[in-house]
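What follows is one structure encoded as structure tokens, with my remarks underneath.
There are 2 protein chains.
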Amino acid sequence: MSATADLHSLDYATPLDPLTLRHIGLIAGEGRFPILLAQAARDRGISVTAVGINGITSPELADYVDTMRWVEFGQFNRLIQICHEHNIRQAIMAGRVKHRSIFQISKMDGRGMKLLARSVSRKADDLLGAVTREFAIENIEMLDSTLLLRQCMPPSGLLTPNCPPTQEILDDIEFGKPLANAIAGHDIGQTIVVKQGAVIAVEAMEGTNQTILRAGEIAGEGCVVVKVAKPRQDRRFDVPVLGLTTVKKLIQARGRAIAFPGSQALFFEVEEAVALAESRGITLLAW
Amino acid sequence: MSATADLHSLDYATPLDPLTLRHIGLIAGEGRFPILLAQAARDRGISVTAVGINGITSPELADYVDTMRWVEFGQFNRLIQICHEHNIRQAIMAGRVKHRSIFQISKMDGRGMKLLARSVSRKADDLLGAVTREFAIENIEMLDSTLLLRQCMPPSGLLTPNCPPTQEILDDIEFGKPLANAIAGHDIGQTIVVKQGAVIAVEAMEGTNQTILRAGEIAGEGCVVVKVAKPRQDRRFDVPVLGLTTVKKLIQARGRAIAFPGSQALFFEVEEAVALAESRGITLLAW
Numbered sequence: 170m171s172a173t174a175d176l177h178s179l180d181y182a183t184p185l186d187p188l189t190l191r192h193i194g195l196i197a198g199e200g201r202f203p204i205l206l207a208q209a210a211r212d213r214g215i216s217v218t219a220v221g222i223n224g225i226t227s228p229e230l231a232d233y234v235d236t237m238r239w240v241e242f243g244q245f246n247r248l249i250q251i252c253h254e255h256n257i258r259q260a261i262m263a264g265r266v267k268h269r270s271i272f273q274i275s276k277m278d279g280r281g282m283k284l285l286a287r288s289v290s291r292k293a294d295d296l297l298g299a300v301t302r303e304f305a306i307e308n309i310e311m312l313d314s315t316l317l318l319r320q321c322m323p324p325s326g327l328l329t330p331n332c333p334p335t336q337e338i339l340d341d342i343e344f345g346k347p348l349a350n351a352i353a354g355h356d357i358g359q360t361i362v363v364k365q366g367a368v369i370a371v372e373a374m375e376g377t378n379q380t381i382l383r384a385g386e387i388a389g390e391g392c393v394v395v396k397v398a399k400p401r402q403d404r405r406f407d408v409p410v411l412g413l414t415t416v417k418k419l420i421q422a423r424g425r426a427i428a429f430p431g432s433q434a435l436f437f438e439v440e441e442a443v444a445l446a447e448s449r450g451i452t453l454l455a456w
Numbered sequence: 170m171s172a173t174a175d176l177h178s179l180d181y182a183t184p185l186d187p188l189t190l191r192h193i194g195l196i197a198g199e200g201r202f203p204i205l206l207a208q209a210a211r212d213r214g215i216s217v218t219a220v221g222i223n224g225i226t227s228p229e230l231a232d233y234v235d236t237m238r239w240v241e242f243g244q245f246n247r248l249i250q251i252c253h254e255h256n257i258r259q260a261i262m263a264g265r266v267k268h269r270s271i272f273q274i275s276k277m278d279g280r281g282m283k284l285l286a287r288s289v290s291r292k293a294d295d296l297l298g299a300v301t302r303e304f305a306i307e308n309i310e311m312l313d314s315t316l317l318l319r320q321c322m323p324p325s326g327l328l329t330p331n332c333p334p335t336q337e338i339l340d341d342i343e344f345g346k347p348l349a350n351a352i353a354g355h356d357i358g359q360t361i362v363v364k365q366g367a368v369i370a371v372e373a374m375e376g377t378n379q380t381i382l383r384a385g386e387i388a389g390e391g392c393v394v395v396k397v398a399k400p401r402q403d404r405r406f407d408v409p410v411l412g413l414t415t416v417k418k419l420i421q422a423r424g425r426a427i428a429f430p431g432s433q434a435l436f437f438e439v440e441e442a443v444a445l446a447e448s449r450g451i452t453l454l455a456w
């Protein structure tokens with residue numbers, strides 16, 4: 170199998186049954202994703218060795234895992250050593266590492282630098298694909314990051330029954346979808362914000378929250394956020410993540426709806442997010 | 170000829186010789202573009218009736234034209250009336266009208282509202298195509314906005330001989346070009362900013378200058394700006410414009426290069442821009 174085919178493969182050679190997992194490594198970025206994943210693993214009796222990145226990963230994660238270790242961003246050799254020390258054969262990457270971190274390489278080790286240098290580009294897929302291949306060389310298998318969190322992937326449908334979409338919102342979603350797919354297909358970003366048939370903002374490296382806030386500043390109230398997975402999303406990394414924070418940012422931007430592909434995105438803290446959205450007249454729609 | 174074919178046509182039925190022009194209407198947006206166009210017309214003995222938009226067009230324009238009239242944004246019927254009063258049969262649109270203006274419709278007249286409503290979307294091509302068709306209905310022909318400014322379209326090549334591109338800059342331009350073309354092909358924006366094989370920022374409605382500044386904030390020094398025309402650029406509107414201001418923004422963002430397609434973009438105040446760029450070690454390259 171070529172590197173490219175491997176990188177974009179959705180079907181793993183041995184479809185994994187979470188029940189057979191006993192011990193995983195958790196390569197943790199920022200936010201709630203690693204914490205929720207650690208909780209889900211604990212609920213299933215899977216022991217977790219987490220490796221956090223100083224300044225990025227929440228220290229709170231330590232409370233939810235069996236073993237917590239820390240590295241600096243880019244200390245890739247140390248990361249691999251830790252995995253070997255703890256006999257990790259299967260690992261999951263969870264939580265965003267701000268993409269801009271790749272320009273802050275002061276603490277990178279030699280292997281981290283080589284990894285960066287070997288990437289065809291610094292697009293997310295290339296970088297994370299290179300990380301995944303390095304783990305594979307060390308006989309550490311990177312698993313689908315949504316494996317233990319399927320309950321966080323909403324099926325298609327309206328999440329906010331008390332706030333159904335207006336025709337205008339539906340039109341904006343239909344307008345935005347192919348454009349968001351194009352942006353994601355080029356691995357530029359996952360999010361665009363539209364309003365009344367105009368593209369207000371496109372996400373690149375600034376992230377979803379900043380993109381939403383910018384759109385509100387440019388176009389005022391009524392923006393619609395369309396967030397998508399890549400056309401051939403590799404679930405081992407960079408799965409679209411939404412949650413309570415996304416709704417809060419949309420409120421700050423005076424927006425009216427968030428739409429995303431059902432069963433292809435993780436939606437965290439969904440109950441709080443839905444309650445908050447409905448209290449502000451915001452539509453959350455999985456298509 | 171269908172409306173769509175007309176909208177995207179690069180070849181006009183009767184290729185226009187500037188020498189036959191005696192009198193034009195100038196529908197003026199912001200910045201230097203309308204002023205430079207008025208100067209170019211005056212140099213050729215073409216009389217100019219300009220219509221400016223309050224709060225958008227520079228009042229200085231009045232010094233360069235034979236007749237200056239003013240409308241509020243969206244007073245389309247009034248705009249047409251002025252053109253008829255001054256017996257305008259051929260007009261040129263020049264200068265950006267901030268795209269976000271379409272959300273500030275308080276002073277729009279009925280015809281302006283109808284025009285907005287009839288656009289398929291509020292993408293630039295749709296909107297400006299609708300404007301052009303409205304003028305055509307009134308027997309006012311919209312001309313190629315670069316017609317009198319061909320001397321402002323740099324041929325392919327290096328504009329800054331004292332600052333040739335490094336291999337890294339060339340790599341970033343090659344990385345960015347197809348992505349910028351994809352963005353422009355969807356009529357989302359004309360500009361992307363890249364650094365070392367990563368897309369830092371994509372332009373949508375915020376405009377080129379804001380996109381450049383954002384990239385600098387996200388990725389620090391060394392960004393490369395790639396600005397493109399649409400795959401089938403209609404030269405009657407929305408031609409890519411660069412100039413001294415673009416270079417100043419790149420300096421503010423600590424960037425290192427601007428690349429664009431030669432003979433497809435207008436570059437204003439090129440001598441000052443080149444001098445400033447070379448003094449700061451910035452590469453300006455037309456491919």
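Here the protein sequences come in this chain order: L and P. Here our numbering is used: position 66 in the first sequence is 235, and no number is missing along the way. Here our numbering is used: position 173 in the second sequence is 342, and no number is missing along the way. Quick reminder that beta carbons are idealized off the backbone N, C-alpha and C, glycines included.
Rounded separation between residue i and residue j - CA only
i                         : j                            : result
alanine 353 of chain L    : glycine 298 of chain L       : 16 Å
arginine 201 of chain P   : phenylalanine 437 of chain P : 8 Å
glutamate 390 of chain L  : leucine 284 of chain P       : 22 Å
lysine 292 of chain P     : methionine 374 of chain P    : 10 Å
glutamate 229 of chain P  : leucine 190 of chain P       : 24 Å
arginine 404 of chain P   : threonine 218 of chain P     : 21 Å
leucine 296 of chain P    : arginine 287 of chain P      : 9 Å
serine 171 of chain L     : glutamine 359 of chain P     : With a pLDDT of 38 at serine 171 of chain L, under the threshold of 50, the predicted position of this residue should be treated as unreliable, though the coordinate-derived value follows. Rounded to whole angstroms, serine 171 of chain L to glutamine 359 of chain P spans 35 Å at the Cα level.
valine 410 of chain P     : asparagine 350 of chain L    : 28 Å
valine 289 of chain L     : aspartate 340 of chain P     : 11 Å
glutamate 254 of chain P  : threonine 315 of chain P     : 25 Å
alanine 231 of chain L    : valine 397 of chain P        : 48 Å
asparagine 331 of chain P : phenylalanine 344 of chain P : 24 Å
glycine 281 of chain P    : arginine 401 of chain P      : 27 Å
glutamate 307 of chain L  : arginine 238 of chain L      : 19 Å
glutamine 273 of chain L  : glycine 385 of chain P       : 14 Å
glutamate 372 of chain P  : asparagine 256 of chain L    : 46 Å
Under 8 Å between C-beta atoms of residue i and residue j
i                         : j                         : result
glutamine 244 of chain P  : lysine 276 of chain P     : yes
isoleucine 357 of chain P : isoleucine 369 of chain P : no
isoleucine 309 of chain L : alanine 260 of chain L    : yes
alanine 210 of chain P    : leucine 312 of chain P    : no
glycine 198 of chain L    : threonine 236 of chain L  : no
proline 324 of chain P    : serine 432 of chain P     : yes
valine 363 of chain P     : valine 395 of chain P     : yes
alanine 422 of chain L    : isoleucine 381 of chain L : yes
Which residues DSSP lists as bridging residue i, in chain order
i                         : result
serine 288 of chain P     : Beta-bridge pairing links serine 288 of chain P to no other residue.
glycine 194 of chain P    : P:Thr218, P:Ala260
arginine 302 of chain L   : Answer is none; arginine 302 of chain L lacks a bridge partner.
glutamate 310 of chain P  : P:Gln259
glycine 385 of chain L    : Paired residues: none, contrary to the question.
glycine 326 of chain L    : L:Ala455
valine 457 of chain P     : Because chain P spans 170 through 456 in this model, residue 457 of chain P falls outside it and cannot be assessed.
methionine 237 of chain L : L:Ala219
isoleucine 369 of chain P : Beta-bridge pairing links isoleucine 369 of chain P to no other residue.
Own chain residues within Cβ distance below 8 Å of residue i, not counting five before or after
i                         : result
valine 240 of chain L     : Val220, Gly221, Ile222, Asn223, Arg247, Leu248, Ile251
isoleucine 420 of chain L : Leu445, Arg449, Ile451
tryptophan 456 of chain L : Ser325, Ile342, Lys346, Ala428, Phe429, Pro430, Gly431
proline 333 of chain P    : Leu327, Thr452
Close-in-space but distant-in-sequence residues of the same chain around residue i (CB under 6 Å, 5 per side omitted)
i                         : result
threonine 329 of chain L  : Val443, Ala446, Glu447, Thr452, Leu453
threonine 183 of chain L  : Because threonine 183 of chain L carries a pLDDT of 47, less than 50, the predicted location of this residue cannot be relied on, and the following value inherits that uncertainty. Closer than 6 Å at the Cβ level, and outside the excluded window around threonine 183 of chain L, lies no residue.
valine 439 of chain P     : none
arginine 383 of chain P   : Ala370
isoleucine 271 of chain L : Arg291
For residue i, the nearest candidate out of the options (CA to CA)
i                            : options                                : result
isoleucine 196 of chain L    : L:Val439, L:Arg423, L:Phe406           : L:Phe406
histidine 268 of chain P     : L:Ile274, L:Gly366, L:Val394, L:Ile361 : L:Gly366
arginine 265 of chain L      : L:Leu327, L:Ile306, L:Thr377           : L:Thr377
aspartate 361 of chain L     : L:Gly424, L:Gly326, L:Asn256           : Position check: residue 361 of chain L holds isoleucine in this sequence, whereas aspartate was assumed. For isoleucine 361 of chain L, the nearest C-alpha among the options comes from L:Gly424.
valine 133 of chain L        : L:Ser216, L:Met322, L:Gln336           : The shown model of chain L, from 170 to 456, leaves out residue 133 of chain L, and the question about it has no answer.
alanine 305 of chain L       : L:Arg258, L:Gln273, L:Asp294, L:Gly279 : L:Arg258
histidine 192 of chain L     : L:Ile215, L:Ile204, L:Ala207           : L:Ile215
phenylalanine 242 of chain P : P:Val397, P:Arg302, P:Gly279           : P:Gly279
threonine 335 of chain P     : P:Cys392, P:Val300, P:Glu372           : P:Cys392
Beta-carbon proximity list for residue i, same chain, < 7 Å, skipping 5 on both sides
i                         : result
glutamate 441 of chain P  : Leu413
tyrosine 233 of chain P   : Ile204, Ala207, Gln208, Arg211
lysine 399 of chain L     : Ala353, Gly354, Asp356
lysine 418 of chain L     : Asn378, Ile381, Leu382
isoleucine 338 of chain L : Val393, Arg425, Ala426, Thr452
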